[in-house]
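Structure first, then comments.
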Amino acid sequence: LKPGVLSSEFTRLVHILSNNEIDDKYVCPEYLKALIEHVRPEFKGNEQHDCQEFTQALLDELNCDLKRIEKKPKAKSVCSPLLPLFCKKNLQSLIIHT
C-alpha cells in the first residue's frame, strides 16, 4: 500500500459518520476492509473475528501507515464536533485551569 492510503480511508469514514453525511441509513466500509485484508490476511473473508483483535490490528496498521508518510500535512485547528459548546479557546483554558 502507498503510505497514507489506510489512514485517508479511515479519516474519510470517520468524517462521514461524524458529520451525518450518510446517504442511506447505513455505511458500508468495504474499501477499509479490503485495505485491512491486504495488510492483515488473517482478516480475509467473511469469517467472524474477535472485535478486540480487529481493532488492535486496525490501530497498529494506522500507526504504521502514519509513520510511513514522508510529507506530513499541516494539522488543522478545529473544534471537535463532539464538543459543540466549547470553542477552541475555551477548551484550552478549561484544560489549563483544571
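Here the sequence shown is numbered in this note's numbering, starting from 373 and rising by one per residue. Backbone N, C-alpha and C fix where the C-beta goes; we use that ideal spot for every residue, glycine too.
- The C-alpha of residue 407 lies about 7 Å from the C-alpha of residue 378.
- When Cβ pairs closer than 8 Å are counted between the two stretches, the segment 409-424 is seen not to touch the segment 438-446, the count staying below three.
- Residue 402 and residue 423 have their C-alpha atoms some 17 Å from each other.
- The shortest CA-to-CA distance from residue 405 to any of 386, 416 and 397 is the one to 416.
- Under the three-state reduction of DSSP, residue 432 is assigned to helix.
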